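Engineer:
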Amino acid sequence: MSKVRKIILIAGIVIGLINLCVIFPTEYAKSSYITDFVLTYICLAISVFFVLYGFTGRKFLKYLLFMFVSAIIGAVCWFFIFYGDLWQKLLMVWVGIPTGLLTALLFFPLRYYLFYRNSMLPIEKDKKRMSYLKQAILYFILLFVVSILFFYGGDWIDAI
Numbered sequence: 000m001s002k003v004r005k006i007i008l009i010a011g012i013v014i015g016l017i018n019l020c021v022i023f024p025t026e027y028a029k030s031s032y033i034t035d036f037v038l039t040y041i042c043l044a045i046s047v048f049f050v051l052y053g054f055t056g057r058k059f060l061k062y063l064l065f066m067f068v069s070a071i072i073g074a075v076c077w078f079f080i081f082y083g084d085l086w087q088k089l090l091m092v093w094v095g096i097p098t099g100l101l102t103a104l105l106f107f108p109l110r111y112y113l114f115y116r117n118s119m120l121p122i123e124k125d126k127k128r129m130s131y132l133k134q135a136i137l138y139f140i141l142l143f144v145v146s147i148l149f150f151y152g153g154d155w156i157d158a159i
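Reminder that position 67 of the sequence shown reads as 66 in numbering that gives the first Met the number 0, one-by-one numbering, no gaps.
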């Protein structure tokens with residue numbers, strides 16, 4: 000990891016901590032609705048981008064594209080779950096996109112830990128295909144779990 004990426008990674012972590020400890024509590028004290036947390040969302044996005052770039056380096060755009068595609072997949076899944084319902088478009092945007100983004104952010108470290116942590120040698124073609132299948136299964140399981148948590152909101156413990 001280069002020195003510049005380390006600095007960007009540390010800056011992203013510091014921005015995230017400032018957001019968590021200073022900005023969010025001050026906006027929480029003044030807000031009535033979730034849409035009042037404008038500065039919190041902006042700082043969170045900046046922090047996530049800095050940390051993602053710090054970890055991925057020159058593959059940053061590929062990971063950003065995967066997050067974008069994951070947001071679309073999450074929105075489409077929520078669209079088909081509530082197909083025909085009047086509020087489907089609102090649910091697709093309001094819940095589907097954050098579900099996809101959170102799934103992608105959870106998928107990145109799990110994918111590395113489960114599939115690439117100990118692989119120093121090149122992988123054979125057959126094993127590579129099986130690895131892609133396992134990664135796709137992991138992604139959709141994560142999407143399902145995150146969607147269930149978003150669907151039940153804070154009352155998911157009572158539903159069990």
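Glycine included, every Cβ here is placed at the ideal spot set by N, Cα and C. Given the structure is predicted, the values throughout are model-derived calculations rather than measurements.
1) Buried or exposed: where does G99 fall if 16 or more other Cβ atoms within 10 Å of its Cβ makes it buried?
2) Using only the alpha-carbon positions, how far apart do L8 and V50 sit?
3) By the 10 Å Cβ neighbour count, where 16 or more other Cβ atoms means buried, how is V94 classified, buried or exposed?
4) Alpha carbon to alpha carbon, how far is E26 from T102?
5) Helix, strand or coil for M0? Go by DSSP, reduced to three states.
6) As a quick exercise: from L104, T39, F48 and P108, pick the residue whose alpha carbon is nearest that of R4.
7) Can you check which of these residues, I12, V13 and V37, is closest to F23 by C-alpha distance?
8) From C20 to D125, what does the alpha carbon distance come to, in whole angstroms?
9) Pick from Y32, N18 and F59: whose alpha carbon is nearest that of C42?
10) With H, G and I counted as helix, E and B as strand and the rest as coil, what does DSSP make of E26?
11) Verify the CB distance criterion: does F65 have a CB-CB separation below 9 Å to chain B?
12) Would you check if the distance between the CB atom of S146 and the CB atom of I71 is smaller than 9 Å?
13) In three-state DSSP terms, what is F81?
14) For the candidate residues M66, T55 and G56, whose alpha-carbon lies nearest to that of L142?
15) What is the DSSP secondary structure of S130, counted as helix, strand or coil?
16) For V13, tell me which candidate among F114, G53, D35 and T34 has the shortest Cα-Cα distance.
Structural biologist: In terms of the structure at hand:
1) Counting other Cβ atoms within 10 Å of its Cβ, G99 reaches 16 or more and is therefore classed as buried.
2) 5 Å
3) By the 10 Å Cβ count, V94 comes out buried.
4) 26 Å
5) coil
6) F48
7) The alpha carbon of F23 has as its nearest neighbour, out of I12, V13 and V37, the alpha carbon of V37.
8) Going by the C-alpha atoms only, they are around 48 Å apart.
9) N18
10) helix
11) Judged by its chain identifiers, the structure shown contains no chain B, having just a single protein chain.
12) With a cutoff of 9 Å on beta-carbon distance, S146 and I71 are scored as not near each other.
13) coil
14) M66
15) Here S130 sits in helix by DSSP.
16) G53
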